[in-house]
Every structure is written in C-alpha cells, then in structure tokens.
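Here's the structure, in structure tokens; my notes come after.
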Amino acid sequence: MMRRVLLALVAGVVIAVLLEMVTVTPRSIIDFTAFYCAGRVVRDHGDPYRAQPLGACEAKLGSEGIYGVRGVVMPAPLPPYALAPFVALASLPYQRALVVWRLFLIVAVIVTIAALREAARLPWFTVAIALLMIDLVDDVLPGQPVPIVVAAIALGAWALARDADRLAGVVACVTMLEPHIGLPACLSLYLYRPAARPPIICGVPIAAALSVVMVPASTSIEYFTQVLPQHAASEIPWYWQYSLTQALHVFGASDQVSLVAGSLSYLAMLLVALVVTPRAALRLGAPSLLIALPAAATVFGGTFIHLAQVVAAIPAALILAGRAPGTVSRLSGVACVLLTVPGIQFGSSSIAFIAAGVVGVLTALLLRPPPVVAAIVTVSVLAGGLVFHGMHPINVRTGHAPTMSSVSADALAEESWSRFVRAEDSGLREHQLELLAKFPTWAGLGLLCGAAALSTFAGARGKAKPEAALPDPCRG
C-alpha cells in the first residue's frame, strides 16, 4: 500500500515538473542567454566580460524579466575555458542551441542518478527524487552548467568506489567548470589519491591552452584579477544569494566586512573538509567521499553561492545516507531532505507544490518514518512555501522595474549588474524575511557537515551499511 502511495505521489510530482518545464518563460530569466551571448562574443573575437557587445546580444534575444530592464547587462562569469561549449553552441540559432543545451543537461542528470545509485548504494528512485528539485528544476531550466559539475562529482565518486583513480582525476577536472566547487574536489584527490594526480596535473595546461584558444591571454588575466572580485562584490545585496556574505549584508555588515568574512569562511570550510574527508572515507570504507564531501562543504558560507550550486552537496549527503551506519546515516538523510527545499524559489507557487511532493517522498524513502510524519512534513513544506510565496520580493513588488543608466561599452558587465542588483535591493523588509526561506538549506548543509565530522568516529574501519538497506518502491 505504501509503495503505491509513493508511486502516485512521484507521478504527480513528475507531471508538475514537466508542466513547469513546458510553461516556464523560454527566454526572459534564464542564464543560458548570457552564456550563449558570451559564446557569440568569443566567436567574434570580442571580450565576453565587457558590457558590449554582450549587452546588445542579450537585449536582442531576451525581452522579459531581467532582460526587460533597459540598460542592464547580465554577466557570464565563467572562466574562459568554461565558455568553450557556448562558443560551439553559438554557431546554432538561439532556440536550437537552447534545446541542445537542455538535452545535454538532462543527460548529465541521468548520468548523475546512475553513478550515485552505485556510489551511495541507494535505489535509483531515491537518488532521482533527491536530484529532481534543484538539479532539474533550478539548474536545467535556466541553463546553468552545474548539472555537468554534479555529474562529474557523481562519476568521480563511482570511479573511486572501483579504485579507478585516474578516471576520477579526469572527471574531477570537469568540475572546474564551477571553480569554487571544483577546486576543493581536485585538491582532495590530489592530496589523498596519488593515482589521480597525473590527470589533474595535465588538466591545468589543457585548461590554460583552451583559454588561450578562446580569448587572448590578457582577457584570461582580466577574468581572474578583475571579473571574479567585481562579480562577487556586485551580488553582495542580491537576495537570491545563499552566501555568508549576503547574510551578513542583510544584518548590516559593510560590503568589505561581508566579503572578507565570506572569503575566510570558504577557506575555513575548505581546510576542514580536507582534514575530515580522508578520515570519514577511511572509517566508512567510502572513498567516494574524497570527491563528494569537499565540494559539499565549500558551498556552506562563502561569498558567491546560489541555490543552483547547493545541489553539489547532494551527492555527499546521499553517499553518507546510504553508506554510513546509524546516527550518521539518519542525520545525512535529514540533511538531504532539507537540501531539496528551494526556499528562495517560492516566488512561484507551483514550486511550493513540487517541493512539498519531493520532500514528502524523499522523507519516506530515506528516513522511513510513520506515514503520518511524512504527511506532516509534506504539509508543512507546502504551507511554508505558500507563506513565503506571498511575501517574496518578486510578488510584493509586482510591476516594479528599476531605472537603469547604461554603462560604457568597455566597462565590465559587472558594473551594470551591480547597479541593477542594488536598484532591486532597497532594504525591503521582505529581503530580510527571505533569510528564513533559506534556513532549511543552511540547516541541511550544517547537518551534513556535522554528520561528516561524526562519521570520523564511526565504529570500525570500513563498517558500512549493507547495500540493501533501503527498499526500492519500484520493485515487487
């Protein structure tokens, strides 16, 4: 009976997700537009980090949402080598390129599910539900490259579980599409899996050569010395941020203090992860954690973290939930459930219903509480989501469009973006209340880090949960 109820709930959630994918505005608020335009600029031998011609391309392709604000330029803050896929897509018309890119991202999600099923020793059904909310809805729809990074983490975890360290080193290089996520993963493998070092070392000159092919060396230097720091500063007050920097800003800290604290928190989490990870992996007999856990730890705090990047923590949560015994497994399961609550996305009422279904099903699968508990959790998420929907800034300020003055063509796109962000954030009380919507995510990350630390004291080495610990509701 319980299996049928779960399947019915999942069917409803999947249908809701498909409807969301079909009805979402195709051009107006997606990040792919900025990346595609950056690819066009690189193809035409321009600077993808300057306001023009990037802004002209965005204005031509997008007319609603952010792109409907005259004068705003949305940056494409990826490193030069990471723009290579978008340079290739720039040879296609926009709509066709968008379809190709989304299909590629969906394939990446499928690869993630298959790899984590083995690495975490959990049913594919459970893994898929855990990834559905953020990896599919929050990343694939806007065209974020994060699903590729998460797929690389999952493949690396799968490879490490089979002692295929060289393969793990290769896919670890792919995680550098998002450097603040990929760097911890690469450092961990370099330090603790010697066989993974050659691919990682080779990845450095390959990325450098690809960058030189994409843009002049001066543009690559510009990216690291100007674009990165200015982009972090441009989003300090942006209420879509999940970073420590943004939270401190909301509580009244100065921009400089917020940035410094966020940077220090990133370094602190990186160091803690590099100390805890090898011990946890050894205790649990789970080498998969060597790539998954550092990436997860460093999205907690920092200067520039969006919900899209938080999905990088889900592989580690699933591995600990599936492989660790007792308390560590339960804490990790709760963390995974909390990480699927997309608080800042509750501006869309449909997201509240989808999230409630996902959380309810995942609670039943990972934690196996009495049905009434799973039902209470589901209703609570739905009620909370609808409350936050009513006070979300995009609903409170319906019809609001900030007045933007154009920046010079040779200015960094971040200058225009910073003006837009600060025009959007005028100290609204709703922005402070949005911190409450982010609390489940922060709580999930905190629990995950706590579970990882606790796992270093877990029983005998290699003593992990049996593979058949969780039932698959799709089987007899």
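To convert a position in the sequence shown, counted from 1, into my numbering, add 387. Every residue gets a Cβ at the ideal spot worked out from N, C-alpha and C, and that includes glycine.
(1) Whole angstroms is fine: what's the gap from A648's alpha carbon to Y626's?
(2) Going straight from the alpha carbon of F844 to that of W511, what length do you get?
(3) Quick one: what does DSSP say H432 is sitting in, helix, strand or coil?
(4) Quick one: using the 10 Å Cβ neighbour count with 16 as the cut-off for buried, is I738 buried or exposed?
(5) Please report how far the alpha carbon of V697 lies from the alpha carbon of V429, in whole angstroms.
(6) May I have the straight-line CA-CA distance separating I865 from A559, to the nearest angstrom?
(7) So what does DSSP say about Q732, is it helix, strand or coil?
(8) Are V745 and L519 closer than 8 Å when you measure CB to CB?
(9) Can you tell me the Cα-Cα spacing of P674 and A438, whole angstroms?
(10) Which partner residues does H567 have in the DSSP bridge list?
(11) Measure from the alpha carbon of L578 to the alpha carbon of each residue in Y436, P440, P665, then state which is nearest.
(12) Which of the three DSSP states, helix, strand or coil, is assigned to Q531?
(13) Under 8 Å, do E811 and I731 count as touching if we go by C-beta distance?
(14) Does the stretch 432-447 come within contact of the stretch 602-612, defined as at least 3 CB pairs closer than 8 Å?
(15) How is the alpha helix (DSSP H) around R508 delimited, first residue to last?
(16) Comparing alpha-carbon positions, which option in A708, A538, A668, A703 lies nearest L492?
(17) What's the C-alpha gap between C424 and L465?
(18) Got a sec, what are the start and stop residues for the alpha helix (DSSP H) R717 sits in?
(19) Using a 10 Å radius around the Cβ and a threshold of 16 neighbouring Cβ atoms, would you call T412 buried or exposed?
(20) For L799, which three-state DSSP category applies?
(21) In terms of alpha-carbon separation, which member of S641, I763, G720, S575 lies closest to P624?
(22) Please report the straight-line C-alpha distance between I763 and L769, rounded to a whole angstrom.
(23) Quick check on R437: does DSSP put it in helix, strand or coil?
(24) Flag this pair as yes or no: are the beta carbons of P532 and D522 separated by less than 8 Å?
(25) Whole angstroms are fine: how far does the CA of L705 sit from the CA of L718?
(26) With H618 as the anchor, note down where its alpha helix (DSSP H) starts and where it stops.
(27) Does the separation of the CB atoms of Q628 and E801 fall below 8 Å?
(28) Is there contact between the stretch 580-588 and the stretch 549-559, where contact requires at least three CB pairs shorter than 8 Å?
(29) Output yes or no for whether 8 Å exceeds the beta carbon distance between T750 and P756.
(30) Using the rule of at least 16 other Cβ atoms within 10 Å of the residue's Cβ for burial, across every protein chain shown, is F775 buried or exposed?
(31) So, are the CB atoms of G831 and A722 less than 8 Å apart?
(32) For a test of the three-state rule: what should DSSP assign to F844, helix, strand or coil?
(33) For D526, does the count of other Cβ atoms within 10 angstroms reach 16, so buried, or fall short, so exposed?
(34) Mind checking who H776 pairs with in its DSSP beta bridge?
(35) I need the straight-line Cα distance from L479 to L470, nearest angstrom please.
(36) Quick one: what's got a C-beta closer than 8 Å to A477's C-beta in the same chain, skipping five residues either side?
Let me lay it out:
(1) CA-CA distance, A648 to Y626, rounds to 18 Å.
(2) Cα to Cα, the separation comes out at about 29 Å.
(3) Coil.
(4) It counts as buried.
(5) Rounded to the nearest angstrom, the two C-alpha atoms are 29 Å apart.
(6) Here the chain has residues from 388 to 863 only, and residue 865 is not among them.
(7) Q732: helix per DSSP, three-state reduction.
(8) Yes, they are a contact pair.
(9) Cα to Cα, the separation comes out at about 44 Å.
(10) The bridge partners DSSP lists for H567 come to none.
(11) Per the Cα distances, P665.
(12) Looking at Q531 - three-state DSSP - the assignment turns out to be coil, as it is neither helix nor strand.
(13) Contact flag unset, no.
(14) The answer is yes - the stretch 602-612 touches the stretch 432-447, with three or more Cβ pairs under 8 Å.
(15) Looking at the DSSP string, R508 is not in any alpha helix (DSSP H), and its letter there is neither H nor E.
(16) Taking L492 as reference, the option from A708, A538, A668, A703 with the minimal CA-CA separation is A538.
(17) If I take the Cα positions, the gap works out to 13 Å.
(18) Run containing R717: 713-726, per the alpha helix (DSSP H) assignment.
(19) Summary for T412: the model assigns pLDDT 47, below 50, so the residue's position carries little reliability; its value from the coordinates is reported in the next sentence. If you draw a 10 Å sphere on the C-beta of T412, you find fewer than 16 other C-beta atoms in it, and that means exposed.
(20) In the displayed model, L799 falls within a strand according to three-state DSSP.
(21) Among S641, I763, G720, S575, the Cα nearest to that of P624 belongs to S641.
(22) C-alpha separation (whole angstroms): 10 Å.
(23) Strand, per DSSP.
(24) It is not a contact, given that the beta carbons lie outside the stated cut-off.
(25) Take the alpha-carbon of L718 and the one of L705: they are about 11 Å apart.
(26) Element bounds for H618: 615-621.
(27) The Cβ atoms of Q628 and E801 lie no closer than 8 Å to each other.
(28) Judged by Cβ distances under 8 Å, the stretch 580-588 makes contact with the stretch 549-559, as three or more pairs qualify.
(29) Taking a C-beta distance under 8 Å as the contact criterion, T750 and P756 qualify as a contact pair.
(30) Around the beta carbon of F775, 16 or more other beta carbons sit within 10 angstroms, so the residue counts as buried.
(31) Yes, the Cβ-Cβ distance between G831 and A722 is below 8 Å.
(32) Coil, per DSSP.
(33) D526 comes out buried.
(34) The partner list for H776 (beta bridge, DSSP) is empty, contrary to what the question assumes.
(35) Rounded to whole angstroms, the separation of the alpha carbons of L470 and L479 is 15 Å.
(36) For A477, where only same-chain residues beyond five positions count, the Cβ hits under 8 Å are Y423, G426, R427, V429, R430, A484.
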